[in-house]
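Student: Numbered per our numbering, the sequence shown spans residues 13 to 294. Glycine residues also receive a C-beta, built at the ideal position from the N, C-alpha and C atoms.
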Amino acid sequence: MVSPSPTQLTPTIHIQEALHPPTATTPEFPNQPQTVILAFWMNAPPRAYTKYITQYQTLLPHARILILLNTSSSFLLPPNPATEQQTRLSPAVSVLRSASSSSSTVHIHLFSNGGVFSTTNLLAAYRNATGQPLPVSSILIDSAPGKPTIAGGFRAFSYMLPSNVVLRTLGQVVLGMGLVVMFLGFWACGVRDAVSVGREALNDPALFGGLTAGRVRRCYVYSKEDDLVEWTDVEEHAEEAEKLGAGEVRREKFHGSKHVCHMRVDSERYWGIVRSLWYRDS
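1. For Gly-210, which residues from the same chain have a beta carbon less than 7 Å from its beta carbon, with the 5 sequence-adjacent residues on both sides left out?
2. Just to confirm, is the Cβ distance from Ile-49 to Leu-78 under 7 Å?
3. Roughly how far, in whole angstroms, is the beta-carbon of Val-286 from the beta-carbon of Leu-152, given that I think they are within contact range, below 8 Å?
4. Report buried or exposed for Gln-144, applying the criterion of at least 16 other Cβ atoms within 10 angstroms of its Cβ.
5. Here's the rule: buried if 16 or more other CB atoms are within 10 angstroms of the residue's CB, otherwise exposed. What is Gln-46?
6. Ser-84 and His-271: beta carbons closer than 7 Å?
7. Report yes if the C-beta distance between Val-105 and Ala-137 is below 7 Å; otherwise report no.
8. Where does Gly-221 land, buried or exposed, given buried means 16+ other C-beta within 10 angstroms?
9. What do you reckon, are the CB atoms on Val-261 and Arg-230 nearer than 7 Å?
10. Could you please give me the residues that DSSP links to Gln-20 through a beta bridge?
11. Quick one: which unbroken alpha helix (DSSP H) runs of 4-plus residues sit fully inside the stretch 235-289? Chain order, please.
12. Kindly give me the distance between the Cβ atoms of Pro-147 and Thr-117, rounded to whole angstroms, as I take these residues to be in contact under 8 Å.
13. Return the CA-CA distance between Pro-160 and Ala-250, expressed in angstroms with no decimal places.
14. If you draw a straight line from the alpha carbon of Ala-258 to that of Ser-149, how long is it in whole angstroms?
15. What is the DSSP secondary structure of Ser-84, reduced to helix, strand or coil?
16. Tell me, please, which residues DSSP counts as bridged to Arg-230.
17. Could you name the residues of the same chain whose beta carbon sits closer than 6 Å to that of Glu-252, not counting the 5 residues immediately before and after it, in chain order?
18. Between Pro-73 and Asn-55, what straight-line distance do the alpha-carbon atoms span, to the nearest angstrom?
19. What residues are listed by DSSP as bridge partners for Arg-109?
20. How many whole angstroms separate the CB atoms of Ser-235 and His-267, which I take to be in contact at a CB cut-off of 8 Å?
21. What's the gap between the Cα of Leu-219 and the Cα of Trp-283?
22. Give me the Cα-Cα distance between Trp-243 and Ala-213, rounded to the nearest whole angstrom.
23. So, helix, strand or coil for Leu-78, using DSSP?
24. Are any of the Cβ atoms in chain C nearer than 7 Å to that of Ser-84?
25. Please classify Leu-219: does DSSP put it in a helix, a strand, or coil?
26. Going by other Cβ atoms of all chains shown within 10 Å of its Cβ, with 16 needed for buried, is Pro-93 buried or exposed?
27. DSSP state of Phe-123, grouped into three classes?
28. Which whole-angstrom value is the C-beta distance of Ala-134 and Leu-81, which I expect to be below 8 Å?
29. Out of Glu-96, Arg-109, His-32 and Val-233, which has the shortest C-alpha to C-alpha gap to Tyr-68?
This is the structure in structure tokens:
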């Protein structure tokens with residue numbers, strides 16, 4: 013069966029309906045999530061994120077997939093999760109509310125600090141709209157969360173610069189100056205940056221129903237070769253989650269893989285990890 017293209021709700025929010033929508037005669041699989049949220053890294057190209065969508069359709073043909081994209085502009089302004097970001101995510105909240113039931117569960121797969129930013133804002137928007145946290149059963153965190161640094165920001169934003177040597181050099185100068193001004197501006201105004209806000213929110217029990225009761229299965233996928241997010245920052249965050257009583261917190265360290273490239277290095281291992289988050293006997 014050929015899968016139809018995702019439906020665009022907004023430029024950064026898409027919905028992929030279930031490949032095989034459940035019916036009254038569809039067997040029940042209590043451990044399988046009914047909704048998957050894929051929150052991709054900043055400026056992720058379609059050719060890259062489509063591979064993940066396709067694989068999830070194979071693993072969970074009865075689940076629908078909510079796709080969250082984000083751009084560089086999301087990080088260039090102070091985060092305002094109470095208003096602008098949550099308004100932007102309202103179509104995604106509507107999708108989640110339409111699927112909500114006492115037995116429905118959600119699996120989240122996020123990538124990089126961009127995915128952290130999108131996910132935590134969505135969780136906050138959902139809670140504000142419903143008064144309840146989203147019923148997340150499992151979450152896989154790929155190449156995140158990091159900590160905010162000018163050097164890290166420079167490397168991340170450099171990926172969007174042109175390849176021409178002259179233009180790239182000029183772009184790097186402007187980018188470096190812009191990041192310094194941005195960090196100083198945040199500091200002077202007492203405003204926290206998006207990376208810090210997202211990192212903290214990812215361990216906020218108010219956003220994850222059952223987090224401190226150990227009902228949310230969590231796994232971090234990362235590597236020492238990641239040149240954008242320090243592996244020590246990832247492990248530190250995992251330790252913080254464990255101290256909160258988050259239950260099963262796994263750390264899967266890959267070797268030789270760059271930022272958000274772990275699946276490309278060892279696809280079999282990667283998808284085995286994903287699948288094990290809802291099949292407890294794996």
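Tutor: On the basis of the supplied data:
1. Asn-125, Val-128, Phe-129, Thr-132 and Pro-157
2. yes
3. 6 Å
4. exposed
5. buried
6. no
7. yes
8. buried
9. yes
10. His-26
11. 243-255, 274-277 and 279-288
12. 6 Å
13. 17 Å
14. 12 Å
15. coil
16. Ile-151 and Val-261
17. Asn-215
18. 27 Å
19. Answer by DSSP bridge pairing: none, since Arg-109 is not bridged.
20. 6 Å
21. 26 Å
22. 19 Å
23. strand
24. Of the protein chains in this structure there is only one, and it is not chain C.
25. coil
26. Confidence in Pro-93 is poor, its pLDDT being 49 and thus under 50, which makes the residue's placement unreliable; the coordinate value appears in the next sentence. It counts as buried.
27. strand
28. Sequence inspection shows Leu at residue 134; the Ala mentioned does not correspond to that position. So it is not a contact: roughly 12 Å between Cβ atoms.
29. His-32
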